[in-house]
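A.B. asks:
Protein chains: 2
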Amino acid sequence: MKNIQLHIEVNSGLYLKNPDTSDLGRKIICQSIKMINELGFESFTFKKLGVQIDSPESSIYRYFENKHTLLIYLVSWYWSWIEYLLVFSTMNIDSSSEKLERSIKVLTEPILEKYPTTYIDEELLNQIIIKESVKAYHTVDVDDENKKGYFKTYKKVVQRVSELVLEVNPKYKFPHMLISTVIEGAHQQNYFAQHLPTLTDVTEGKNNVSEFYTNMVNKVIV
Amino acid sequence: MKNIQLHIEVNSGLYLKNPDTSDLGRKIICQSIKMINELGFESFTFKKLGVQIDSPESSIYRYFENKHTLLIYLVSWYWSWIEYLLVFSTMNIDSSSEKLERSIKVLTEPILEKYPTTYIDEELLNQIIIKESVKAYHTVDVDDENKKGYFKTYKKVVQRVSELVLEVNPKYKFPHMLISTVIEGAHQQNYFAQHLPTLTDVTEGKNNVSEFYTNMVNKVIV
DNA sequence: AAAAAACGATAGTAATACTATTACTTTTGT
DNA sequence: ACAAAAGTAATAGTATTACTATCGTTTTTT
Chain G
0 MKNIQLHIEV NSGLYLKNPD TSDLGRKIIC QSIKMINELG FESFTFKKLG
50 VQIDSPESSI YRYFENKHTL LIYLVSWYWS WIEYLLVFST MNIDSSSEKL
100 ERSIKVLTEP ILEKYPTTYI DEELLNQIII KESVKAYHTV DVDDENKKGY
150 FKTYKKVVQR VSELVLEVNP KYKFPHMLIS TVIEGAHQQN YFAQHLPTLT
200 DVTEGKNNVS EFYTNMVNKV IV
Chain F
0 MKNIQLHIEV NSGLYLKNPD TSDLGRKIIC QSIKMINELG FESFTFKKLG
50 VQIDSPESSI YRYFENKHTL LIYLVSWYWS WIEYLLVFST MNIDSSSEKL
100 ERSIKVLTEP ILEKYPTTYI DEELLNQIII KESVKAYHTV DVDDENKKGY
150 FKTYKKVVQR VSELVLEVNP KYKFPHMLIS TVIEGAHQQN YFAQHLPTLT
200 DVTEGKNNVS EFYTNMVNKV IV
């Protein structure tokens, strides 16, 4: 897997110039992931990013309309990447329930391994998803941006795993609700574990979040 | 029934002057709920609010440090109010599982009734919780604000219902995870139903969200 | 070698999120 | 009833943010 060239695709409406095609573009992506993590999305600005990559603010605006579309770009990239993980982790597995279980694991376990295939630090990006991704679609412009296809990679992941749910139990009524609850819930619980622990039941060392949602899916769909 | 507050009270650190004690303060709360709904939290400003209530921006700053603490105030007020609903809806019910079921209903069904007891429009406030409440605690200052007790009313609600879960099944390992997943999930699903429907399985007329989570809780805790 | 694209440097603007000051008005405590 | 305290209006001002515009230079493509 480490030597495979992944073709991660994001909606071309998300950028003015594809950051993947130039050195400056890749620096923008790479450094913005670090800075959004350090500063939080609100305090992150193109001006500060420009200082770090030693390029003027205006050059960044040639790639992204604003920091909000940059965030959606990162979120979109993440889900496209997750789809690869889902495909790889269920490859050559016959049993649908085994495929589902492995998929839930991918969606709920923290990203720890380094996959040095790209210039993007997926572990850090995962932290951005946990902390900031709700801000990507909790805006006044959701409907408009949804129409433009900005959230397609996320919806594809939910769709893919929902289909596995239906393979296991074709009569189950709420596969999409179940999977989006698992995905969003797992992020939420990881966030709570870090900042509002009384809202969770995390015990040190054990990955209770993954255990909880795996158990939940198994019990709910039978 | 545990120590329940008789008045809806929010942490006094959330305001500089209690908005409940003056005409201007109540106008600030009442109008800000309307405006955050209309404009979205990002586009809502104290300046615009001042124009609407015909008071200068600086007067609003005498009540709230900034719009972020105002949002936490509203969220906090909401959960304090929800706790009342929980208490009322489980009053005189003997069966723990019946109490739990009624509580889940309160947490997952949309607020539609008008309670004209206060100057606050709870239905509109519920919409703010659905759309904007994640922004109240997804910030760099969470840990600090958590220490100050800003999220206490929310944590109390989760704690109360988690205890009901344990009454039904004392051996269940993840009561807090379950309840916070239900609460956050229900908001999320209502939001998705409005804006990203492919992530849900909503059918017109029926409240599938409540059905889904009620079913989920019942299956998970046995 | 010429044309096109990308980039750096600099400047500028409207809006945001506040802070500060002063003076007038209302509430309150005795 | 009256002074003190508290609350409010009006106005002004600041640093930062989120952009937009221009222009000359460098780099890449053909």
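So the protein lines, in turn, are chains G and F.
Going by numbering that gives the first Met the number 0, the first sequence opens with residue 0, and the numbers climb by one from there.
Going by numbering that gives the first Met the number 0, the second sequence opens with residue 0, and the numbers climb by one from there.
Don't be surprised by glycine CBs; every beta carbon is placed ideally from N, CA and C.
Fair warning: this is a prediction, and the values are worked out from it, not measured in the lab.
(1) Closest to Ser132(G) by CA distance: which of Gln30(G), Asp53(G), Phe40(G), Asn10(G) is it?
(2) Count Cβ pairs between the segment 119-133 of chain F and the segment 46-60 of chain F that sit closer than 8 Å; are there 3 or more?
(3) What does Pro174(F) reach in chain G if we use C-beta pairs closer than 8 Å?
(4) List, in chain order, every chain G residue whose beta-carbon is nearer than 7 Å to that of Val133(F).
(5) Within 8 Å, do at least three Cβ pairs link the segment 4-18 of chain F to the segment 191-202 of chain G?
(6) Asn145(G) versus chain F: which residues are under 8 Å apart at the beta carbon?
(7) With a threshold of 8 Å, establish whether the CB of Phe43(F) neighbours any heavy atom of the ligand MN.
(8) Quick one: complete alpha helix (DSSP H) runs, 4+ long, within the segment 46-122 of chain G?
(9) Quick one: grab the DSSP three-state call for Gly204(F).
(10) Does DSSP classify Thr152(F) as helix, strand or coil?
(11) Using a Cβ-Cβ distance under 9 Å, would Asn214(F) count as near chain G?
(12) If we count Cβ pairs, one from each stretch, closer than 8 Å, do we get three or more for the segment 29-45 of chain G versus the segment 88-107 of chain G?
(13) Helix or strand or just coil, what does DSSP make of Asn168(F)?
(14) Determine, using beta-carbon pairs with one atom in the segment 56-73 of chain G and one in the segment 129-144 of chain G, whether at least three such pairs fall under 8 Å.
(15) So what does DSSP say about Thr199(G), is it helix, strand or coil?
(16) Excluding the 5 residues preceding and the 5 following Val167(G) in the sequence, name in chain order all residues of the same chain whose CB lies nearer than 7 Å to its CB.
(17) How would you label Leu20(G), buried or exposed, when you count the other beta carbons within 10 angstroms and need 16 or more for buried?
(18) Is Phe43(F) buried or exposed, if buried means 16 or more other CB atoms sit within 10 Å of its CB?
(19) May I ask you to report which of helix, strand or coil DSSP gives Tyr14(G)?
(20) So, helix, strand or coil for Gly24(F), using DSSP?
(21) Do the segment 204-216 of chain G and the segment 186-194 of chain F touch if we need at least three Cβ pairs shorter than 8 Å?
(22) Answer with buried or exposed for Phe150(F), where buried requires no fewer than 16 other C-beta atoms within 10 angstroms of its C-beta.
(23) For my contact list, Tyr77(F) and Ile128(F) are in at a C-beta cut-off of 8 Å; report their separation, rounded to the angstrom.
(24) Give me the chain F residues within the contact set of Asp142(G), using Cβ-Cβ distance strictly less than 7 Å, ordered along the chain.
(25) Within 9 Å (strictly less), CB to CB, does Gln30(F) reach chain G?
(26) What is the DSSP secondary structure of Gly39(F), reduced to helix, strand or coil?
(27) May I have the straight-line CA-CA distance separating Phe173(F) from Thr138(G), to the nearest angstrom?
(28) Hey, is Asn207(G)'s beta-carbon within less than 9 Å of any beta-carbon in chain F?
(29) Measuring straight from C-alpha to C-alpha, what distance separates Met0(G) and Leu106(G)?
(30) Can you pull the chain G residues whose beta carbon is under 8 Å from the beta carbon of Phe63(F), in chain order?
C.D. replies: Judging by the given coordinates:
(1) As a working mapping, residue 132(G) is identified with position 133 in the first sequence. Among Gln30(G), Asp53(G), Phe40(G), Asn10(G), the Cα nearest to that of Ser132(G) belongs to Phe40(G).
(2) no
(3) For the purposes of this step, residue 174(F) is identified with residue 175 of the second sequence, where counting begins at 1. Under the 8 Å cutoff, chain G gives Asp200.
(4) Start at 1 with the first residue of the second sequence, and residue 133(F) comes out as number 134. What Val133(F) touches in chain G: Val133, His137.
(5) Flag = no, the segment 191-202 of chain G and the segment 4-18 of chain F do not touch.
(6) The residue labelled residue 145(G) in the question sits at position 146 within the first sequence. Under the 8 Å cutoff, chain F gives His194, Leu195.
(7) In the structure shown, the ligand MN is absent, as is every other ligand, since no ligand is present at all.
(8) 56-59, 66-88, 95-107
(9) As a position in the second sequence, residue 204(F) is number 205, starting the count at 1. Coil.
(10) Here residue 152(F) corresponds to residue number 153 of the second sequence, with the count starting at 1. Secondary structure at Thr152(F): helix, using DSSP grouped into helix, strand and coil.
(11) Start at 1 with the first residue of the second sequence, and residue 214(F) comes out as number 215. Chain G contact via Cβ: present.
(12) no
(13) Sequence index remark: in the second sequence, residue 168(F) carries index 169 (1-based). Asn168(F) falls in the coil class under three-state DSSP.
(14) yes
(15) One-based indexing of the first sequence puts residue 199(G) at position 200. If DSSP states are grouped into helix, strand and coil, Thr199(G) belongs with coil.
(16) As a first step, residue 167(G) must be located in the first sequence, where it is residue number 168. Correct list, in chain order: Ser95, Ser96, Leu99, Ile220.
(17) Position 21 of the first sequence, counted from the start, is the residue given in the question as residue 20(G). It is worth fixing the name first, because residue 20(G) is Thr in this sequence and not Leu. That one is exposed.
(18) Reading the second sequence from its first residue, position 44 is the one you call residue 43(F). Counting Cβ neighbours within 10 Å, Phe43(F) comes out buried, since at least 16 surround it.
(19) For the purposes of this step, residue 14(G) is identified with residue 15 of the first sequence, where counting begins at 1. Looking at Tyr14(G) - three-state DSSP - the assignment turns out to be coil, as it is neither helix nor strand.
(20) Reading the second sequence from its first residue, position 25 is the one you call residue 24(F). Residue state, collapsed to three classes: helix.
(21) no
(22) Position 151 of the second sequence, counted from the first residue, corresponds to residue 150(F). So Phe150(F) counts as buried.
(23) One-based indexing of the second sequence puts residue 77(F) at position 78. One-based indexing of the second sequence puts residue 128(F) at position 129. Confirmed, about 5 Å.
(24) Locating residue 142(G) in the first sequence gives position 143, where the first residue counts as 1. For Asp142(G), the chain F residues whose C-beta falls within less than 7 Å of its own C-beta are His194, listed in chain order.
(25) For this step, residue 30(F) is matched to residue 31 along the second sequence. It does not: the Cβ of Gln30(F) has no partner Cβ on chain G nearer than 9 Å.
(26) By 1-based counting over the second sequence, the position of residue 39(F) is 40. Reduced to three states, the DSSP call for Gly39(F) is coil.
(27) Mapped onto the second sequence, residue 173(F) falls at position 174. Mapped onto the first sequence, residue 138(G) falls at position 139. Each residue's Cα considered, the two are about 32 Å apart.
(28) The residue you call residue 207(G) lines up with position 208 of the first sequence. For Asn207(G), the answer is yes, since a Cβ of chain F falls inside 9 Å of its Cβ.
(29) By 1-based counting over the first sequence, the position of residue 0(G) is 1. By 1-based counting over the first sequence, the position of residue 106(G) is 107. Residue placement at Met0(G) is flagged as unreliable, the pLDDT there being 47, under the threshold of 50; the coordinate-derived value follows with that caveat. Distance between the alpha carbons of Met0(G) and Leu106(G): 18 Å.
(30) On the second sequence, position 64 is the one that residue 63(F) refers to. Those do not exist, as Phe63(F) stays about 18 Å from chain G at its closest Cβ, beyond 8 Å.
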